[in-house]
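Notes follow once the structure below has been shown.
2 protein chains.
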Amino acid sequence: MLNKERLGRVNRNLDQIGLRQMIITDPMAIFYLTGKKLYSGERFLGFLVGEDTEPVLFVNALMRFEEDLGVKVVYYMDSDPLTPILKKYVRPEEKLGVDKNMASHFLLDMIDDGVAAGYANGSLAVDRTRAVKDETEKEKMRRASRVNDLAMAQFKDLIHDGVTETEVASHMLDIYKSLGATGYSFSPIVAFGVNAADPHHMPDNTVVKEGDIVLFDVGCKVEDYCSDMTRTFFYKKEPDEKARRVYELVRKANDEAERQLRPGMKLKDIDGIARGIITEGGYGPDFTHRLGHFIGLETHEFGDVSQANENPAEVGNIFSIEPGIYNKQDAGVRIEDLVIVTEDGCEVLNTYPKDIQVIGL
Amino acid sequence: MLNKERLGRVNRNLDQIGLRQMIITDPMAIFYLTGKKLYSGERFLGFLVGEDTEPVLFVNALMRFEEDLGVKVVYYMDSDPLTPILKKYVRPEEKLGVDKNMASHFLLDMIDDGVAAGYANGSLAVDRTRAVKDETEKEKMRRASRVNDLAMAQFKDLIHDGVTETEVASHMLDIYKSLGATGYSFSPIVAFGVNAADPHHMPDNTVVKEGDIVLFDVGCKVEDYCSDMTRTFFYKKEPDEKARRVYELVRKANDEAERQLRPGMKLKDIDGIARGIITEGGYGPDFTHRLGHFIGLETHEFGDVSQANENPAEVGNIFSIEPGIYNKQDAGVRIEDLVIVTEDGCEVLNTYPKDIQVIGL
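Order-wise, the sequence lines are chains A and B. The opening residue of the first sequence carries number 1 in the numbering used here; numbering runs sequentially from there. The opening residue of the second sequence carries number 1 in the numbering used here; numbering runs sequentially from there.
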């Protein structure tokens, strides 16, 4: 069903970037606005929006559906040329926004057939809207992270002598499903020992051994919304002095970023809090990625918490806070929570403990 | 390493559609031409080609590589605007071909910054080139289908009382890998009984029972090339009269299309041979899809064997011949081989028998 509040925000954001009409083609954005999952593969799928524009959904007749979404639906056949259909609804004297990732051949056809007076990338209007979560979305994000917290408690118990990373990973989907998730939000990272010093390590046949670091970076989907959390454990032995120091630095970077975050603060400055602590501790060059990414219906949404982002954090933004130190000699550690920006700070969605924890005992 | 013969064909095909320069952005097409697998996600990856154009590969610096591909490689940084870099190599007074699926925001930037004199969809030139396989590709396609033939013999032995479609499917990847494949070319279809009458059935918890049809539509990748074959078996019991008739009709449609195929014949007429036989047998409305699709580096490549395709079969084309009858009362049967079009007919890549076979005895 059409979400008028979200559509209203998209239209106002479009207006702000000088567009009064736009064709959205990203299926996830169309789901966000209409509640309808439509995947058309190579075929055109579009949603015309804009101030003073009657919303129209263009759908291939092969995907015909019965329900009333509260918007006009125009079906086309594979044999129908697209542009004459669009011309019935797009105002030709005005510029048309298009989706940043729309396949170029659709745009070339629109240009050749004079569908509009000009074309511009309008995705920013949709992305800005999706970056501010409404109450329904926040509640689903809380649920997804709650399942992730419960799952983490079970994941750590999968670690025992002789087990490999891939064996551990092979049990995760069932655990998520038993807790009510529908699937992964991304392919899980399980990293033992020095593998934890590779931020993008994929599970392999490495066998866990006493004294290893055990890192889980995992997430699931609940009611279409994504969770994402990282915890780093120690197998059967307390960390040595260096590993402990690395852990406590990352922990402090994570805690302080969450504690100091306020709406209106520049996203680069939130990154700066965590980066400053790690740099001061002497591990600056080993924190090789941004502090966080926005998340919602997709694990990586528009917006990040990085030195390049001058934009302010807004109430309703949801993103990850995931400092890490990747040092093959001393330790590889990452600690990640999701947070919702609130009026007076942030709500941390993950409650799984972040103290040093020795597992497998 | 740059494949000059393939690049030469792309350039000649471009010339034929009125383009002297094109930026290819499809990673698979870039792999086809350069032998280099580059996946850039949202970042720009492009290969400038064309007659009288020095080929240039544009790659994000994050994906820097050492090997010499025999082409000029231009690296850019995330902080570099793209169009000034393209302008150093694209001829501004000429039209520029772009990839049909290139993200629209790249095209909008090129248009705004006047990179070329105009823009057109140039993918046809690449697609036509890839549709004609060279000897190296043919040999890899033969190997992939040989593995598929060997695998089919093992797949049918996975069927026993009490087994479900998903259980059978769960063993397939290991069988493929044990035979030298690197993975699936598509998610395998295993269909028992009436499920075989759904051409796109996905394995579920259906348990096989005596008298069931057992349909496998399966394929693997060998050295990056795809196989794809369908066989339909009968579990523990000879088919009844109606099922036998359906099977023999599909078998005849498959055999005759392969026997009568000649280069120069319109692809729609090859579809017509199979469709005519099935229609004459009274099951025309139950053959609900095209006869075949082109295949190579991808399971579905540009080109199909359908009533809509007026183009001729060319020597070196590789496509599937996969007639089917989907009748819930009588039977669901599909029989599929891959073929290479040759000077005097075709070479059938699959040798797994197509006679009626009762399994599980």
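Heads up, the beta-carbon is just placed ideally off N, CA and C, and yes, glycines get one too.
Inset, instruction - For chain A, find out if any of its Cβ atoms is closer than 8 Å to the Cβ of Asp99/B; answer yes or no. - result: yes
Legend entry - Val126/A - DSSP class collapsed to helix/strand/coil: helix
Inset, instruction - Excluding the 5 residues preceding and the 5 following Pro203/B in the sequence, name in chain order all residues of the same chain whose CB lies nearer than 6 Å to its CB. - result: Glu165, Thr166, Ala169 and Val190
Inset, instruction - Using alpha carbons as the reference points, say which of Ala120/B, Asn317/B and Arg146/B lies closest to Leu261/B. - result: Closest by alpha carbon: Asn317/B.
Inset, instruction - Taking only beta-carbon positions, decide if Leu108/B is within less than 8 Å of chain A. - result: Yes, because at least one Cβ of chain A sits closer than 8 Å to the Cβ of Leu108/B.
Inset, instruction - Check whether the Cβ atoms of Asn60/A and Ser40/A sit closer than 8 Å, and answer yes or no. - result: yes
Inset, instruction - Would you mind stating whether Pro27/B and Leu2/B have Cβ atoms separated by less than 8 Å? - result: no
Inset, instruction - Kindly indicate which three-state DSSP category Met28/B falls into: helix, strand or coil? - result: helix
Legend entry - Reference Asn205/A, options Gly284/A, Tyr235/A and Val163/A, closest by Cα: Val163/A
Inset, instruction - Work out the CA separation of Cys226/A and Arg244/A for me, nearest whole Å. - result: 31 Å
Inset, instruction - Could you check if Glu336/B is buried or exposed, using at least 16 other CB atoms within 10 Å of its CB as the buried criterion? - result: buried
Inset, instruction - Closer than 9 Å by beta-carbon distance: list the chain B residues that pair up with His105/A, in chain order. - result: Val98, Asp99, Lys100, Asn101, Met102, Asn121 and Ser123
Inset, instruction - Put Met77/B into one of helix, strand or coil per three-state DSSP. - result: Coil, per DSSP.
Legend entry - Check whether Lys140/A and Arg251/A have beta carbons under 8 Å apart: no
Inset, instruction - Using only alpha-carbon positions, find the residue among Arg143/A, Pro285/A, Ile270/A and Asp240/A that is nearest to Cys220/A. - result: Arg143/A
Legend entry - Span of the beta strand (DSSP E), counted from its first residue to its last, around Thr342/A: Asp337 to Thr342
Legend entry - Given Leu62/B as reference, the closest of Asp68/B, Arg43/B, Val214/B and Lys72/B once Cα atoms are compared: Checking every option, the nearest Cα to that of Leu62/B belongs to Arg43/B.
Inset, instruction - Rank Asn311/A, Thr34/A and Gly118/A by C-alpha distance to the C-alpha of Leu19/A and give the top, closest one. - result: Gly118/A
Legend entry - Simplified DSSP assignment, three categories, for Met110/A: helix
Legend entry - Whether Pro312/A touches Lys237/A by CB criterion (8 Å): no
Inset, instruction - Would you kindly check if the distance between the Cβ of Tyr32/A and the Cβ of Arg146/A is under 8 Å? - result: no
Legend entry - Where Asp271/B falls: helix, strand or coil (DSSP): helix
Inset, instruction - Count the other CB atoms, across all protein chains shown, that sit within 10 Å of the CB of Val358/B; report buried if there are 16 or more and exposed otherwise. - result: exposed
Legend entry - Residues near Val73/A by beta carbon distance below 7 Å, same chain, minus five either side: Leu57 and Val59
Legend entry - 8 Å contact criterion, which Ala253/B and Ala274/B should meet: CB distance rounded: 4 Å
Inset, instruction - In angstroms with no decimal places, state the Cα-to-Cα distance between Val214/A and Ala257/A. - result: 24 Å
Inset, instruction - Return the residue from the list Asn101/A, Thr299/A and Leu38/A that minimises the CA-CA distance to Tyr184/A. - result: A check of alpha carbon separations from Tyr184/A across Asn101/A, Thr299/A and Leu38/A identifies Thr299/A as the nearest.
Legend entry - First through last residue of the alpha helix (DSSP H) which encompasses Gly8/B: Lys4 to Gln16
Legend entry - Three-way DSSP call (helix, strand, coil) for Asn309/B in this model: Asn309/B: coil per DSSP, three-state reduction.
Inset, instruction - Check the C-beta distance from Met110/A over to Ala103/A and give it rounded, since I have them as a contact under 8 Å. - result: Between Ala103/A and Met110/A the Cβ distance is about 11 Å, and since that is not below 8 Å, they are no contact.
Inset, instruction - Return the residue from the list Leu48/B, Val194/B and Glu343/B that minimises the CA-CA distance to Gln329/B. - result: Val194/B
Legend entry - Inter-residue Cα distance where the pair is Glu310/B and Thr288/B: 19 Å
Inset, instruction - Pull up the distance between the alpha-carbon of Asp80/A and that of Leu86/A, whole angstroms please. - result: 11 Å
Legend entry - Distance, Arg9/B Cα to Lys268/A Cα: Each residue's alpha carbon lies about 49 Å from the other.
Inset, instruction - Please work out which residues of its chain come closer than 8 Å, Cβ to Cβ, to Ala331/A, disregarding the five sequence neighbours upstream and downstream, and give them in chain order. - result: Ala196, Ala197, Ile213, Pro239, Lys242, Ala243, Val246, Tyr247 and Ile325
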